[in-house]
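Asks: Here it is, the structure in full.
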Amino acid sequence: MATVENVNWTKKAQSRVARLGSQTVRVGVTGLSGAGKTTFITSVINQLENHHRGLLARRIPFNRLISVRWQRVSVAQPFSYLEALDALSSVPARWPSSTTDLARVVIDLQFRPEGLLRKIQGVREVRIELLDYPGEWLLDLPLLGLDYGQWCAQMAALVDSEPRRSIAADLRLRLAAIDPAAPCDPVELRQLTAEWTAFILRCRTDAELSRNQPGRFMLPGSGIAADMLLFVPLLSANQHSDGPAGSWWSQCEQRFNYYRDFVVKGFYDEHFSRLDRQILLVDMLAPMQAGQAALKDLKQALEDVMGSFRYGRNSLLQRLFSPRISRMAICATKVDQVAPGEQRSLQQCLEDLVTDSLSEVRHGGVQVQGFPVSAVRAADQQGETMVGGLVGQTAFVRYQPVSVPRHLPLDLKLVGPKLLHLRPPANLHRNEPFPHFRMDDLVGWILEGKLL
Ligand code: GDP
Numbered sequence: 000m001a002t003v004e005n006v007n008w009t010k011k012a013q014s015r016v017a018r019l020g021s022q023t024v025r026v027g028v029t030g031l032s033g034a035g036k037t038t039f040i041t042s043v044i045n046q047l048e049n050h051h052r053g054l055l056a057r058r059i060p061f062n063r064l065i066s067v068r069w070q071r072v073s074v075a076q077p078f079s080y081l082e083a084l085d086a087l088s089s090v091p092a093r094w095p096s097s098t099t100d101l102a103r104v105v106i107d108l109q110f111r112p113e114g115l116l117r118k119i120q121g122v123r124e125v126r127i128e129l130l131d132y133p134g135e136w137l138l139d140l141p142l143l144g145l146d147y148g149q150w151c152a153q154m155a156a157l158v159d160s161e162p163r164r165s166i167a168a169d170l171r172l173r174l175a176a177i178d179p180a181a182p183c184d185p186v187e188l189r190q191l192t193a194e195w196t197a198f199i200l201r202c203r204t205d206a207e208l209s210r211n212q213p214g215r216f217m218l219p220g221s222g223i224a225a226d227m228l229l230f231v232p233l234l235s236a237n238q239h240s241d242g243p244a245g246s247w248w249s250q251c252e253q254r255f256n257y258y259r260d261f262v263v264k265g266f267y268d269e270h271f272s273r274l275d276r277q278i279l280l281v282d283m284l285a286p287m288q289a290g291q292a293a294l295k296d297l298k299q300a301l302e303d304v305m306g307s308f309r310y311g312r313n314s315l316l317q318r319l320f321s322p323r324i325s326r327m328a329i330c331a332t333k334v335d336q337v338a339p340g341e342q343r344s345l346q347q348c349l350e351d352l353v354t355d356s357l358s359e360v361r362h363g364g365v366q367v368q369g370f371p372v373s374a375v376r377a378a379d380q381q382g383e384t385m386v387g388g389l390v391g392q393t394a395f396v397r398y399q400p401v402s403v404p405r406h407l408p409l410d411l412k413l414v415g416p417k418l419l420h421l422r423p424p425a426n427l428h429r430n431e432p433f434p435h436f437r438m439d440d441l442v443g444w445i446l447e448g449k450l451l
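Heads up, the final residue of the sequence shown is numbered 451 in numbering that gives the first Met the number 0, and it's a clean run with no missing numbers.
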């Protein structure tokens with residue numbers, strides 16, 4: 000006879016099994032603009048939707064995958080999967096639009112349970128939440144530890160060295176000539192802010208430089224009003240500067256403080272501290288092609304970005320947010336541009352560039368794994384040559400693949416590869432797995448440990 004105790008026990012056991020049977024993994028996907036985030040997430044969803052056909056079909060646990068449901072999330076900033084598919088499958092094929100804001104994707108998976116659990120569990124459910132956000136926002140992390148005067152001094156040192164000095168031209172002199180204690184002219188402040196924004200965008204587009212602050216000036220994201228982004232570094236100021244109410248100093252300092260305490264910290268509080276895993280995508284080839292200055296800058300930028308994953312005891316992050324990212328994947332992207340035999344060298348060059356930061360991240364307890372990936376393979380190897388189509392053209396070209404050194408030279412001086420701007424392959428369709436390199440490894444990594 001069923002007693003009350005028995006019924007309670009059974010209910011408890013069932014709810015435990017149900018909890019065991021459903022899990023959520025929250026994964027951040029980031030990288031500087033152009034690293035390949037949008038294309039990557041589109042390919043992750045596509046590989047999962049076509050798990051029964053592509054390389055995933057042969058992998059454990061995907062051979063037990065019953066169904067995949069990609070959800071158009073009803074929150075602000077959904078990821079536009081359908082728009083990305085539309086671009087990739089158009090004629091001629093186009094690359095999807097890049098990430099400019101925070102976007103969220105939810106993918107629900109149902110698996111057949113294994114072993115003993117098969118008897119008591121119908122299905123196992125795993126929810127993957129992908130949070131796509133511009134890496135430029137992480138470049139602002141160091142601001143959390145700075146006051147306005149210290150930031151001005153850092154910017155002054157940065158703008159003083161080439162190639163930024165030439166790119167900034169007379170903006171550097173005009174910002175240096177402002178007396179912090181003089182009354183602020185609001186019209187001039189607006190003008191200078193616009194010029195500073197244009198300057199950091201030029202650093203990115205003309206010289207492939209990566210450390211461009213403040214990150215939100217380049218990619219503000221939704222919910223950020225223009226008035227929140229109205230300050231410039233006063234290049235003659237430092238941490239001992241000061242100024243009365245209404246001065247350049249007080250106007251810029253107040254706005255800097257608001258930016259630091261609400262915009263930058265708000266992002267970490269609200270989104271970043273909830274992530275379990277992090278994927279960091281890096282385009283190594285473009286800065287290798289641009290040369291030593293671009294590589295140095297990328298190194299510094301990646302070190303700043305990885306500061307967000309360094310959880311050593313007493314680190315700024317640990318004190319402010321108690322983050323819980325336990326695993327990080329660092330991926331050289333677009334590796335289809337080089338011959339398959341050289342893809343691992345490209346990944347090695349990336350890991351060479353950030354050796355110390357990677358050690359620090361590992362030291363803080365985060366497991367790190369590297370994957371050279373291509374979300375959508377745009378070129379194929381044919382014998383000694385590669386064949387692919389170029390953006391803006393319909394014909395195909397046969398070309399000699401660029402060669403990549405096995406290691407990055409310590410001084411970062413190398414003869415960069417000359418790259419072609421490949422277009423996506425023709426005939427991509429939502430219901431066929433896109434051709435790729437190692438996306439199956441990455442999708443496996445996302446779920447590792449979540450299905451035991
Ligand atoms: P995001 O700014 O990080 O979102 O980067 P995107 O996903 O928009 O990618 C930027 C550009 O990189 C695209 O427009 C393509 O030109 C290129 N790209 C992205 N993924 C791949 C890939 O897998 N292979 C190749 N050859 N190019 C890619």
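Built from N, CA and C at the ideal position, the CB exists for glycine as well. Note that the coordinates shown come from a computational prediction; the quantities given were computed from them, not determined experimentally.
Any contact between the region 277 to 289 and the region 27 to 34? By contact I mean 3 or more CB pairs, one from each, below 8 Å.
Replies: Judged by Cβ distances under 8 Å, the region 277 to 289 makes contact with the region 27 to 34, as three or more pairs qualify.
Asks: Put C464 into one of helix, strand or coil per three-state DSSP.
Replies: Outside the shown range of the chain, which is 0 to 451, sits residue 464, and nothing can be said about it.
Asks: Would you say the beta carbon of Q336 comes nearer than 6 Å to a heavy atom of the ligand GDP?
Replies: As a first step, residue 336 must be located in the sequence shown, where it is residue number 337. Correct: Q336 has its Cβ closer than 6 Å to the ligand GDP.
Asks: Out of S325, V375, L352 and A180, point me to the one whose CA is closest to L446's CA.
Replies: Sequence index remark: in the sequence shown, residue 446 carries index 447 (1-based). Taking only the C-alpha atoms, the option nearest L446 is S325.
Asks: Assign H239 to one of two classes, buried (16 or more other C-beta atoms within 10 Å of its C-beta) or exposed (fewer than that).
Replies: Taking the sequence shown and counting its residues from 1, one reaches residue 239 at position 240. Classification of H239: exposed, given that the 10 Å Cβ count is below 16.
Asks: Could you tell me if L233 is buried or exposed, where buried requires 16 or more neighbouring beta carbons within 10 angstroms of its beta carbon?
Replies: Locating residue 233 in the sequence shown gives position 234, where the first residue counts as 1. It counts as buried.
Asks: Rounded to a whole number of angstroms, what is the C-alpha to C-alpha distance between F78 and G214?
Replies: Residue 78 sits at position 79 when you count from the first residue of the sequence shown. Residue 214 sits at position 215 when you count from the first residue of the sequence shown. Those two C-alpha atoms are separated by around 21 Å.
Asks: Please name the residue in I106, D139, E135 and G134 whose C-alpha comes closest to that of V125.
Replies: Translated into positions along the sequence shown, residue 125 becomes position 126. Checked all of I106, D139, E135 and G134; the closest Cα to V125 is I106.
Asks: Hey, how far is the Cα of P424 from the Cα of C183?
Replies: Here residue 424 corresponds to residue number 425 of the sequence shown, with the count starting at 1. Here residue 183 corresponds to residue number 184 of the sequence shown, with the count starting at 1. Approximately 54 Å, taken between the alpha carbons.
Asks: Hey, how far is the Cα of Q153 from the Cα of M287?
Replies: On the sequence shown, position 154 is the one that residue 153 refers to. On the sequence shown, position 288 is the one that residue 287 refers to. The alpha-carbon atoms of Q153 and M287 are separated by roughly 26 Å.
Asks: Quick one: what does DSSP say T393 is sitting in, helix, strand or coil?
Replies: Numbered from its first residue, the sequence shown carries residue 393 at position 394. T393 falls in the coil class under three-state DSSP.
Asks: When every heavy atom of the ligand GDP is checked, does at least one fall within less than 6 Å of the C-beta of T98?
Replies: Walking along the sequence shown from the start, residue 98 turns up at place 99. Yes.
Asks: For a minimum of 4 consecutive residues, which ranges assigned as the alpha helix (DSSP H) are wholly contained in the region 18 to 60?
Replies: The qualifying runs are 36 to 48.
Asks: Output the boundary residues of the alpha helix (DSSP H) element that contains C202.
Replies: Reading the sequence shown from its first residue, position 203 is the one you call residue 202. Its alpha helix (DSSP H) spans residues P185 to A206.
Asks: Would you say the beta carbon of K36 comes nearer than 6 Å to a heavy atom of the ligand GDP?
Replies: On the sequence shown, position 37 is the one that residue 36 refers to. Checking the Cβ of K36 against the ligand GDP gives yes.
Asks: When the distance is taken between beta carbons, is L142 closer than 7 Å to R68?
Replies: As a working note, residue 68 is residue 69 in the sequence shown. As a working note, residue 142 is residue 143 in the sequence shown. Contact flag unset, no.
Asks: Give a single yes or no on whether A377 has its beta carbon closer than 6 Å to a heavy atom of the ligand GDP.
Replies: Residue numbering aside, residue 377 sits at position 378 when the sequence shown is read from its first letter. Yes; taking the cut-off as 6 Å, the Cβ of A377 has a heavy atom of the ligand GDP nearer than that.
Asks: How big is the Cα-Cα spacing for F255 and S246?
Replies: Counted from its first residue, the sequence shown places residue 255 at position 256. Counted from its first residue, the sequence shown places residue 246 at position 247. Their Cα atoms are separated by approximately 14 Å.
Asks: Using a threshold of 7 Å, state whether the C-beta atoms of P432 and N49 are closer than that.
Replies: If you number the sequence shown from 1, residue 432 lands on position 433. If you number the sequence shown from 1, residue 49 lands on position 50. Against a cut-off of 7 Å, the Cβ pair of N49 and P432 comes out as a contact.
Asks: Which whole-angstrom value is the C-beta distance of L64 and F110, which I expect to be below 8 Å?
Replies: Start at 1 with the first residue of the sequence shown, and residue 64 comes out as number 65. Start at 1 with the first residue of the sequence shown, and residue 110 comes out as number 111. Confirmed, Cβ separation roughly 6 Å.
Asks: Taking the beta strand (DSSP E) that V281 belongs to, which residues open and close that run?
Replies: Mapped onto the sequence shown, residue 281 falls at position 282. Run containing V281: R276 to V281, per the beta strand (DSSP E) assignment.
Asks: Can you tell which of P112, P91, E113 and T41 has the C-alpha that lies nearest to the C-alpha of T98?
Replies: Walking along the sequence shown from the start, residue 98 turns up at place 99. The shortest C-alpha separation from T98 is found at T41.
Asks: K264 to S235, Cα distance in whole Å?
Replies: Position 265 of the sequence shown, counted from the start, is the residue given in the question as residue 264. Position 236 of the sequence shown, counted from the start, is the residue given in the question as residue 235. K264 and S235: Cα-Cα distance of roughly 27 Å.
Asks: Which same chain residues end up closer than 6 Å to Q70 when comparing Cβ atoms and leaving out the 5 residues on each side of it in sequence?
Replies: Position 71 of the sequence shown, counting from 1, holds the residue named residue 70. Contacts found: V105.
Asks: Tell me whether the region 149 to 168 and the region 49 to 61 touch, counting them as touching only if at least three CB pairs, one residue from each stretch, are closer than 8 Å.
Replies: Verdict: no, contact absent.
Asks: Give me, in chain order, the residues of the same chain whose beta-carbon lies closer than 8 Å to that of A285; leave out the 5 immediate sequence neighbours on both sides.
Replies: Position 286 of the sequence shown, counted from the first residue, corresponds to residue 285. Counting only Cβ-Cβ distances below 8 Å, and skipping sequence neighbours, we find G33, E207, A293 and L418.
Asks: State the Cα-Cα distance for the pair N430 and G148, rounded to the nearest angstrom.
Replies: Residue numbering aside, residue 430 sits at position 431 when the sequence shown is read from its first letter. Residue numbering aside, residue 148 sits at position 149 when the sequence shown is read from its first letter. One C-alpha to the other measures close to 55 Å.
Asks: Would you call K412 buried or exposed, if buried means 16 or more other Cβ atoms sit within 10 Å of its Cβ?
Replies: Position 413 of the sequence shown, counting from 1, holds the residue named residue 412. Flag for K412 reads exposed.
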